[in-house]
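Quick note on numbering: the numbering used here labels position 51 of the sequence shown as 67, and the sequence is numbered without any gaps. Virtual Cβ for every residue (Gly too), placed ideally from N, Cα, C. Note that the structure is a prediction, hence the values are computed from the model and not measured. To keep things clear, I will list the structure first and then write my remarks on it.
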Amino acid sequence: MKAAFLDPSGVPFVRDVDDPEPASDLVTVRVRRAALHLGNLLGAGERPLGSEAVGIVEHAPADSPLAPGDRVGTFPAWGVVRERIALTPERVFAVSDEVPDDVAAQLYVNALTAQMVLRAFERTTARTGDDGPLIVSGAASALGRILLADAQDRGYDVVAVVRRVASAERVAAGFGVPAVATSDAGWRAELARILDGRAAAAVADAHGGPDGHALWAFLARGGSVLQWGDLSGEPVGMRASELLPTELRLEGVSVSRWLEAVAAGDRAADVARVEVLARTRPELFRVAQRFTLDTLGPALERLRRTDGSGTVLVDLMPDQ
Ligand SMILES: NC(=O)c1ccc[n+]([C@@H]2O[C@H](COP(=O)([O-])OP(=O)(O)OC[C@H]3O[C@@H](n4cnc5c(N)ncnc54)[C@H](OP(=O)(O)O)[C@@H]3O)[C@@H](O)[C@H]2O)c1
């Protein structure tokens, strides 16, 4: 069967590999469609491509609730841009028929990260007792939009930060939240005006760099910076002494740790929540473009554009 990899310089290629053997403790999935994410490009050396997909169960352990023919989503499924994959059962989730393949293929990486960020926010407010707003930057990104929607559904007071003015307008209109654009020279004053003297309980930041750093000034004492992205790719550029009077906390949030770091009960709640989002808010799971194993080079170029138009998908069964 065919499987996709990145070479040490990040160039994609396809190679024939052995089909997985049916095993008594693994679920074998025929992969239909996989999502590509910026995080899939990280790492060193030759590495398999992909981390989530939708597919059909071909073999399941005897004690599994899954059976051959079931449609499932998979995460974390490292190297899932391949025709078949064998995974431990806690990485495979039944998906309802109401959720189309284009949504099911990209259901977990972004939406589970949003669950982790919001849980970190809840930990922060429980620790500080602060009921100030949550500032979400990178709010026009695929993940940022899910984060905004879910935070709003939970009744949190949210302020969005994006890069472009047009995106701020779209986010404000689409979600009904105040939004500022860091490309506007007066954005800090505008954010201060929106906050109207209130300090933020936490900043969920995906910009990084100087703009991400500038958001720290809006935090309440002891508040948290929940770092879930690095869209600018620039250093934050802070002095350590900044942490002293503010007592702020820096916390990285990575979905690559979801299986290991999140308790089983919370993981089940996360998966259930994500399925609800998929059924009720399918517009949060837009598709930028679909590619095939023959067009992985253009697929990665599309992924690197980060223009907010949606998720890049790879079709492993293009004829169906
Ligand atoms: N922590 C985790 O586990 C995890 C999981 C998945 C993704 N991520 C991260 O989340 C971020 C968003 O990923 P995504 O797939 O949702 O991306 P995406 O949809 O491709 O993001 C597009 C948005 O990124 C913004 N953007 C692009 N370059 C920027 C820059 N230099 N500075 C500020 N904003 C910029 C643009 O905002 P404008 O429209 O305003 O220009 C655009 O709308 C990435 O950093 C990704 O690595 C993290």
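Just curious, the alpha helix (DSSP H) that Ser153 is in, first and last residue?
-> Membership of Ser153 in any alpha helix (DSSP H) is not indicated; the residue belongs instead to the beta strand (DSSP E) covering 150 to 153.
Can you list the alpha helix (DSSP H) stretches of 4 or more residues lying completely in the region 228 to 281, in chain order?
-> Those alpha helix (DSSP H) runs which fall completely within the region 228 to 281 and span 4+ residues are 259 to 262, 274 to 277.
Option nearest Arg98 by Cα separation, candidates Ser270, Glu74, Gly66 | Of Ser270, Glu74, Gly66, the residue nearest in Cα terms is Gly66.
Indicate whether the contact test is met: 3 or more Cβ pairs, each with one atom in the region 142 to 155 and one in the region 226 to 243, closer than 8 Å.
-> Short answer: they touch.
In terms of residue numbering, what span does the beta strand (DSSP E) encompassing Pro28 cover?
-> DSSP places Pro28 in the uninterrupted beta strand (DSSP E) bounded by 28 to 32.
For the candidate residues Ala256, Leu57, Arg46, whose alpha-carbon lies nearest to that of Ile72?
-> Minimum Cα distance to Ile72 is reached at Arg46.
Whole-angstrom distance between Gly268 and Gln112, CA atom to CA atom | It should be pointed out that residue 112 corresponds to Ser in this sequence rather than to Gln. Roughly 32 Å between the two C-alpha positions.
Is Ala50 near ligand 1, with its Cβ less than 7 Å from a heavy atom?
-> When distances are taken from the beta-carbon of Ala50 to the heavy atoms of ligand 1, even the shortest one reaches 7 Å or more.
Of all the options Pro314, Asp335, Pro334, which has the alpha carbon lying nearest to the alpha carbon of Val328?
-> Of Pro314, Asp335, Pro334, the residue nearest in Cα terms is Pro314.
Ala50 - DSSP class collapsed to helix/strand/coil = In this structure, DSSP gives Ala50 an extended state, which the three-state scheme calls strand.
Hey, is Leu275 close to ligand 1, as in C-beta under 7 Å from one of its heavy atoms?
-> Incorrect: Leu275 has no Cβ contact closer than 7 Å to ligand 1.
Using 10 angstroms around the beta-carbon of Met254, count the other beta-carbons present and answer buried if the total reaches 16, otherwise exposed.
-> The residue in question, Met254, is exposed, as its Cβ has fewer than 16 Cβ neighbours within 10 Å.
Leaving out five residues before and five after Phe7 in sequence, what residues of the same chain have Cβ atoms less than 6 Å from its Cβ?
-> Residue 7 lies beyond the stretch modelled for the chain, which goes from 17 to 336, so this question has no answer here.
Going by the C-beta, is Ser270 closer than 7 Å to any heavy atom of ligand 1?
-> Closer than 7 Å to some heavy atom of ligand 1: that describes the Cβ of Ser270.
Can you have a look at Glu68 and say buried or exposed, based on whether 16 or more other CB atoms are within 10 angstroms of its CB?
-> By the neighbour-count rule (16 or more Cβ atoms within 10 Å), Glu68 is buried.
Inspect the CB distances between the region 268 to 287 and the region 176 to 196 and report whether three or more fall short of 8 Å.
-> The region 268 to 287 makes no contact with the region 176 to 196; the number of CB pairs closer than 8 Å stays below 3.
With a threshold of 7 Å, establish whether the CB of Val125 neighbours any heavy atom of ligand 1.
-> Val125: yes, Cβ under 7 Å from ligand 1.
Can you give me the start and stop residues for the alpha helix (DSSP H) that Gln131 sits inside?
-> That run of the alpha helix (DSSP H) goes 125 to 144.
Roughly how many whole angstroms lie between the Cα atoms of Leu211 and Gly148?
-> So the alpha carbons of these two residues sit roughly 9 Å apart.
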